[in-house]
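Under our numbering, residues 326 to 1081 are what the sequence shown spells out, in order.
Note that CB positions come from ideal geometry on N, CA and C, so glycine has one too.
Beneath this line is the structure, given in structure tokens, with notes to follow.
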Amino acid sequence: QDVDTSQPPQDPIGRPIMHQAGIKHATGEAVYVDDLPSVDGELFLGVLTSSRAHAKIVSIDTSEALKGPGVFDVITAHDVPATNEFYYSSDPEVILARNEVICVGQIVCAVVADSDVHAKQAAAKVKIEYERLEPVILTIEEAIKHNSFFEPKRKLEHGNVDQAFETVDNIIEGEIHIGGQEHFYMETQSVLAVPRGEDKEMVLYVSTQHPAIIQEMVAASLGVPANRIMCHVKRVGGAFGGKLLKTGLLASLAAVAANKTSRAVRLVLSRGDDMLITGGRHPFVGKYKVGFMNDGRVRALDVKYYINGGCTPDESVVVAEVSLLKMDNAYKIPNLRCWACVCKTNLPSNTAFRGFGFPQSALVTETWITAVADKTGLSAEKVREINMYKEEEQTHFKQKLDPQNLIRCWNECMEKSAYYSRKMAVNEFNKQNYWKKKGIAIVPLKFPFGLGTRYLSQAAALVHIYTDGSVLLTHGGIEMGQGIHTKMIQVASRELKIPMAWIHFCETSTTTVPNACASVGSAGTDVNGMAVKDACQTLLKRLQPIINKNPNGTWKDWIKEAFEQSVSLSATGYFRGYNESMDWEKGEGQPFTYCIYGAACSEVEINCLTGGHKNLRTDIVMDIGCSINPAVDIGQIEGAFVQGIGLYTMEELKYSPEGVLCTRGPNQYKIPAVCDIPEQFRVSLLPSSQNPHAIYASKGIGEAGLFLGCSVYFALRDAISSVRNERGLAKPFALNSPLTAEQIRASCADAFTEMV
326 QDVDTSQPPQ DPIGRPIMHQ AGIKHATGEA VYVDDLPSVD GELFLGVLTS
376 SRAHAKIVSI DTSEALKGPG VFDVITAHDV PATNEFYYSS DPEVILARNE
426 VICVGQIVCA VVADSDVHAK QAAAKVKIEY ERLEPVILTI EEAIKHNSFF
476 EPKRKLEHGN VDQAFETVDN IIEGEIHIGG QEHFYMETQS VLAVPRGEDK
526 EMVLYVSTQH PAIIQEMVAA SLGVPANRIM CHVKRVGGAF GGKLLKTGLL
576 ASLAAVAANK TSRAVRLVLS RGDDMLITGG RHPFVGKYKV GFMNDGRVRA
626 LDVKYYINGG CTPDESVVVA EVSLLKMDNA YKIPNLRCWA CVCKTNLPSN
676 TAFRGFGFPQ SALVTETWIT AVADKTGLSA EKVREINMYK EEEQTHFKQK
726 LDPQNLIRCW NECMEKSAYY SRKMAVNEFN KQNYWKKKGI AIVPLKFPFG
776 LGTRYLSQAA ALVHIYTDGS VLLTHGGIEM GQGIHTKMIQ VASRELKIPM
826 AWIHFCETST TTVPNACASV GSAGTDVNGM AVKDACQTLL KRLQPIINKN
876 PNGTWKDWIK EAFEQSVSLS ATGYFRGYNE SMDWEKGEGQ PFTYCIYGAA
926 CSEVEINCLT GGHKNLRTDI VMDIGCSINP AVDIGQIEGA FVQGIGLYTM
976 EELKYSPEGV LCTRGPNQYK IPAVCDIPEQ FRVSLLPSSQ NPHAIYASKG
1026 IGEAGLFLGC SVYFALRDAI SSVRNERGLA KPFALNSPLT AEQIRASCAD
1076 AFTEMV
């Protein structure tokens, strides 16, 4: 991204500035919750989780656990002073199971001891007697059979679907199963709860995306006002949506233990326990019926999404809503009916995850696009181009859309990737090789930005100027590695017209910025940036008379004079949020503020004998408006894309018939490593793009790139298709996600696979 030559050299906006804590991250000096020094008398919490998916708790015997070395107490539901069940919907989120367990991994009790080892050893000695309850529902198919769903079910309809099906040349039906995904943040769930010793005050240091919900839940569980609970977040070692409600339950558990023992309590989950307890991305089953003409034009679509929500609602209904709103991806579908049902099962509740339903529903869309290409004999990219939004349109929920930059991204990606010449080279390679095949695919992206309602996108900031001229900046956003604090310092630097080095961000805290909304939905920079800008402009307005009187003075001169004139050097800033809304009864609304566009082309090579593959090259073009920090933003695009590779090709969660997660930890659960990064990885930003709706014409970029990882999935499909064509196998073939080595090998059918 080129910076305008008229921009002052000291203005940092639009420049590729290193993440403020980047060096600390690399050297290990960055401080996370479990790096905080021990508090005098600190205790540790070891949790005991249910071993049954659905059962009545007959008894809990803690006698042996209490005899363990260093054990102080065992915390059960009876020890929660006030609220143990949080009703954010009709089904509660529970701190500790009281009479019944509804999944393997639900916390039943916790042991407080003088060390982490002693706490875990004692927790293993707690004996729980269960009585099995029926039914035990683990899969989407079982939930459908038992009619086990969370309400409400959602539906959107546009045009006349049934009539359109009567006039098309072809109709095909199919389905795809999309597996879940573990967040696998580097820092597991962590909290340190420290009682103040008076007025029922408690300080919490938590790894969370949402300090305000932690404050609210802890206060409710202890039965005290929120003003007695102070929540501090320096930084979070990754979250991806996984540190919201579940973190609130764990923080409340630590607070209950700290309250009962009057000692500081530290709770840091092991990787295995974290994966067992917290849930992740929702598994989907997408069932589609699509009607289209012989020239590839799609005229009608009827699609149903079944979503495995787990045992409690958490964010699942909202995920279902977003999956419907964003399911069209880049395509204009004139007659459309889509449904989403959240299945209630006996698995740990699934929750928010980067992309929030879009990576699943859009993969279903790209699957039937590919099926249309197979049926018509057209190339997949041709079918995509035919059906892509091309001019100002209304979406299937009647929101206006200008796809100009979508087309620009697609065309530029085609050009930069040299798609057609490389496709010819891939075909030539495949003719020359029998046991190795290459594949190539290009996929477009339309990712609407928005949280659906105004109050979820409000933000506040607090800026202090000290008499030495240094500035302390605070806002409600959470640093999770995405560089929000770096960008906020850039914003403050531009507005105050001082170097970034003079500005410091300490931490996010409920004591400085109350009632802050969660850092979710790619919105952190958009909303907090506006609040920081507002606060800085307020301060500069106060300073302006002093600056006008002494235009040749320095910043320090002006601040010293302002203090001597009793000018307030502290200001709050506020952003009311975007005017977004959706009427589900009418099936229309304005739930989004703008769209991020993009396209990705990926080339792969598979080994037909092993099912293994190499990611050879990926070209990405993204429209992210005017980037505030292209170095950070390109890093976000790259990271999201690689996480998408994991979702669509590698990361597979496996459960036993009893509902026990078998893939706990990196030995069994494989996430992308260095060898999975494309050998050539080229990311470029669309030039000359403006976004009038966000801070400095930028766009929120945290989530959008993840879906483009499916370009690898479809490149793999292209390679498999080449194998099957060469061997005379049927053209229509089904693939599910993740497209693992096992599935690739099985799809390259031969005498060996027939033996299985």
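Which of helix, strand or coil DSSP assigns to residue i
i, result
"K874", "helix"
"H621", "At residue 621 the sequence reads Gly, which differs from the His that was named. In this structure, G621 counts as coil in the three-state DSSP scheme."
"H379", "coil"
"D416", "coil"
"C1035", "helix"
"E910", "coil"
"L391", "helix"
"I453", "strand"
"S952", "coil"
"C556", "strand"
"Q915", "strand"
"M511", "coil"
"M713", "strand"
"P684", "helix"
"S818", "helix"
"R423", "coil"
Distance cut-off 7 Å: residue i Cβ against heavy atoms of the ligand FMN
i, result
"E706", "Looking at this structure, you won't find the ligand FMN or any other ligand, since it has none at all."
Beta-carbon proximity of residue i to residue j, cut-off 8 Å
i, j, result
"G980", "C1035", "According to the sequence provided, residue 980 is Tyr. The question's Gly does not apply to it. Against a cut-off of 8 Å, the Cβ pair of C1035 and Y980 comes out as no contact."
"N954", "T811", "yes"
"I931", "L1041", "yes"
"A589", "G366", "yes"
"A784", "V845", "no"
"G563", "Y510", "yes"
"P997", "I959", "no"
"F1058", "S1047", "no"
"Q1005", "I803", "no"
"V689", "V628", "yes"
"N900", "M855", "A small correction: the amino acid at residue 900 is Phe; Asn does not occupy that position in the sequence shown. Contact: yes."
"L368", "V437", "yes"
"V399", "A390", "yes"
Close-in-space but distant-in-sequence residues of the same chain around residue i (CB under 6 Å, 5 per side omitted)
i, result
"E886", "I871"
"K452", "D386"
"H789", "L797, S895"
"G430", "T374, L601, I602, P673"
"E410", "P417, V419"
"L1064", "T974, Y1038, L1041"
"A1019", "D851"
"G1030", "I962, A965, F966"
Endpoints, the alpha helix (DSSP H) within which residue i is located
i, result
"L650", "641 to 650"
"F966", "955 to 974"
"L578", "570 to 586"
Contacts around residue i, its chain only, beta-carbon distance under 7 Å, and the 5 residues preceding and following it disregarded
i, result
"I828", "V796, L798, I814, A817, S818"
"A848", "L776, S782, G1025"
"P1012", "none"
"W909", "R479"
"V328", "G339, R340"
"L703", "G621"
"E456", "A380, K381, V383"
"G984", "A378, C428, V429, V461, L463, N671, L672"
"N424", "K381, I382"
Limits of the unbroken beta strand (DSSP E) element including residue i
i, result
"H502", "495 to 503"
"S1009", "1005 to 1010"
"N527", "The question names Asn, but residue 527 is Met in the sequence shown. Here the beta strand (DSSP E) through M527 covers 527 to 531."
"T799", "796 to 800"
Spatial neighbours of residue i in its chain, beta-carbon cut-off 8 Å, leaving aside the 5 residues before and after
i, result
"S906", "G777, T778, R779, G914, Q915, P916"
"A489", "G616, R624, A625, P659, N660"
"S834", "P536, M555, C556, H557, V558, T799"
"M713", "A655, Y656, K657, P728, L731, I732, W735, P769"
"G597", "R989, G990"
"M618", "V493, D494, N495, R624"
"G605", "G505, Q506, E507, H508, G567, N675, T676, F678, L978"
- Given 8 Å as the limit, is there contact between the segment 641 to 653 and the segment 673 to 686, that is, 3 or more CB pairs closer than that? Yes: the two stretches touch, three or more of their Cβ pairs being nearer than 8 Å.
- Task: Inspect the CB distances between the segment 490 to 497 and the segment 402 to 420 and report whether three or more fall short of 8 Å.
- Result: No: the two stretches stay apart, fewer than three of their Cβ pairs being nearer than 8 Å.
- Query: For the 8 Å Cβ check, are there 3 or more pairs between the segment 1000 to 1016 and the segment 662 to 670?
  - Reply: Taking 8 Å as the limit for Cβ pairs, the verdict is that the segment 662 to 670 does not touch the segment 1000 to 1016.
- Cβ contact check for the segment 496 to 503 and the segment 688 to 705: 3 or more pairs under 8 Å: In this structure the segment 496 to 503 touches the segment 688 to 705; the number of beta carbon pairs closer than 8 Å is three or more.
- Between the segment 736 to 749 and the segment 872 to 884, do at least 3 Cβ pairs fall closer than 8 Å? No, because fewer than three Cβ pairs between the segment 736 to 749 and the segment 872 to 884 fall closer than 8 Å, the two stretches do not touch.
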